[in-house]
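The structure appears right after this line, and notes come after that.
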Amino acid sequence: MMPIKDTDNIKRTFNNNGVHISYEIHGNGNSSIVFLHGFGASVETWRDIQSKLAKNNTLFFLDLKGFGLSSKPDDGKYSLADQADVVIAFLEAQNLHNITLVGHSYGGAVSLFTYLKDQSSQSNSYIQRLILFDAAAYVQKFPFFVGILRKPIINWVVMNLIPAQIRASFTLRHLFYDKNKLSQERINRYAAFFNQPGSYNSFVECARQIIPKDSESVSDLIRTISVPTLILWGANDPAIPVEHGYRLKKDIQNSTIKIIQQCGHIPHEECPQESLEAILSFLGE
12 MMPIKDTDNI KRTFNNNGVH ISYEIHGNGN SSIVFLHGFG ASVETWRDIQ SKLAKNNTLF
72 FLDLKGFGLS SKPDDGKYSL ADQADVVIAF LEAQNLHNIT LVGHSYGGAV SLFTYLKDQS
132 SQSNSYIQRL ILFDAAAYVQ KFPFFVGILR KPIINWVVMN LIPAQIRASF TLRHLFYDKN
192 KLSQERINRY AAFFNQPGSY NSFVECARQI IPKDSESVSD LIRTISVPTL ILWGANDPAI
252 PVEHGYRLKK DIQNSTIKII QQCGHIPHEE CPQESLEAIL SFLGE
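See the structure below:
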């Protein structure tokens, strides 16, 4: 069965054991690219690079469990491994193979877990290439927006008493290097999903479970990644230091790195043209 291909902006839903994952399909090319957003984000984060990539590829944008329009069940299953299981199930349901998996920040961590699970399975591998945007790959000091969510009482106050627009604006102003690129429309992309039913629980659970129990062994497994990998990083990332990008470059043998100058934590939104050029060059290889 060939995957459904659609160029229209239609919200679709994938049912994984009662957990409904919202996703979109754009383009109708032979090459399949799957996108996983960062913490607190949604499929909206990719809009700035979507149209040009859709010309020659089929793009699959997922709202990870607990974010965007996807289900936010109170089931406690919000670890990186749990998220990776959902992504693998999606790839299997869509009959996707030889994909390029793209992940930003938290979604980069999910991408790494998905790849490692994919490689450990007995069936054929799904992932042919990786693109990692400012990926959360190693243990570090928590970015403030994750650290707050790990603190009882404070997390409730922030999530329930501070308006979504203020939360989104404050966070993005911290994450962008060039504040002039932070429009109200861009802030609305995030704020629109912050008050979805179940968001308090899902945000807190994802933050609480963000460090895997076997984090050191995961770091070792990163060195086993063999597929071509593009590492994209904002030189001025305040959330995940650029040094982590260089560490990934060192640990992943078959990798290239692109550092975007005067750019913060979300290159595909703050510097979409530079990000797009790096992706197209990598895919062309």
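Residue numbers (this note's numbering): 12 to 296. Ideal placement from N, C-alpha and C gives every residue a C-beta, glycine not left out.
Requested in this report: Excluding the 5 residues preceding and the 5 following C217 in the sequence, name in chain order all residues of the same chain whose CB lies nearer than 6 Å to its CB.
Outcome: G77, Y89
Query - Own chain, CB closer than 6 Å to S180, minus 5 neighbours either side, in chain order - result: I198
Query raised in the report: Quick one: is Q195 buried, meaning 16 or more other Cβ sit within 10 Å of its Cβ, or exposed?
Result: exposed
**Report entry** Within the region 218-289, ranges of the alpha helix (DSSP H) (whole runs, at least 4 residues)
**Finding:** 226-233, 253-262, 278-281
Query raised in the report: Which two residues bound the contiguous beta strand (DSSP E) that contains V150?
Result: Neither: V150 is in no beta strand (DSSP E) and is coded neither H nor E.
Report task. Sort V215, L172, D225, L123 by Cα distance to A148 and report the nearest one. Result -> L123
Query raised in the report: Which class does I60 belong to by DSSP, given the choice of helix, strand or coil?
Result: helix
Query - With 16 other Cβ atoms within 10 Å as the buried cut-off, status of W244 - result: buried
Query - T235, buried or exposed, once every other Cβ within 10 Å from all chains shown has been counted against 16 - result: exposed
**Report entry** Residue interval of the alpha helix (DSSP H) (run including Q139)
**Finding:** No alpha helix (DSSP H) holds Q139; the beta strand (DSSP E) holding it covers 138-144.
Query - In chain order, each alpha helix (DSSP H) run of at least 4 residues that lies wholly inside the region 20-50 - result: none
Report task. Determine the closest residue to K66 out of S82, I142, H37, with distance taken between C-alpha atoms. Result -> H37
**Report entry** Distance between S62 and F71 (C-alpha atoms, nearest Å)
**Finding:** 13 Å
Query raised in the report: Rounded to a whole number of angstroms, what is the C-alpha to C-alpha distance between P283 and L294?
Result: 16 Å
Query raised in the report: Touching or not, the region 125-132 and the region 78-86, by the rule of three or more beta carbon pairs under 8 Å?
Result: no
Report task. Could you round the C-beta distance between G51 and Y201 to whole angstroms and report it? I think they count as a contact, below 8 Å. Result -> 7 Å
Query raised in the report: Residue ranges of each alpha helix (DSSP H) run of no fewer than 4 residues wholly in the region 74-129, ordered along the chain?
Result: 91-104
Report task. Taking only the alpha-carbon atoms, compute the straight-line gap between K224 and T267 and give it to the nearest angstrom. Result -> 29 Å
**Report entry** Given 8 Å, three or more beta-carbon pairs between the region 256-265 and the region 163-172
**Finding:** no
**Report entry** Local Cβ density within 10 Å of N28, reported as buried at 16 or more and exposed below that
**Finding:** exposed
Query raised in the report: The alpha helix (DSSP H) with Y201 in it runs from where to where?
Result: 195-205
Query raised in the report: If you run the structure through DSSP and keep just helix, strand and coil, what is L70?
Result: strand
Query - Beta-carbon proximity of H276 to S53, cut-off 8 Å - result: no
Query raised in the report: How big is the Cα-Cα spacing for L232 and Q264?
Result: 12 Å
Report task. Ignore the nearest five residues each way along the sequence and tell me which others in Q220's own chain have a CB closer than 6 Å to its CB. Result -> Y89, S90
Requested in this report: Please report the residue range of the alpha helix (DSSP H) in which F181 lies.
Outcome: 175-186
Report task. Can you give me the start and stop residues for the alpha helix (DSSP H) that I165 sits inside? Result -> 165-172
**Report entry** C-alpha gap between A146 and Q130, whole angstroms
**Finding:** 19 Å
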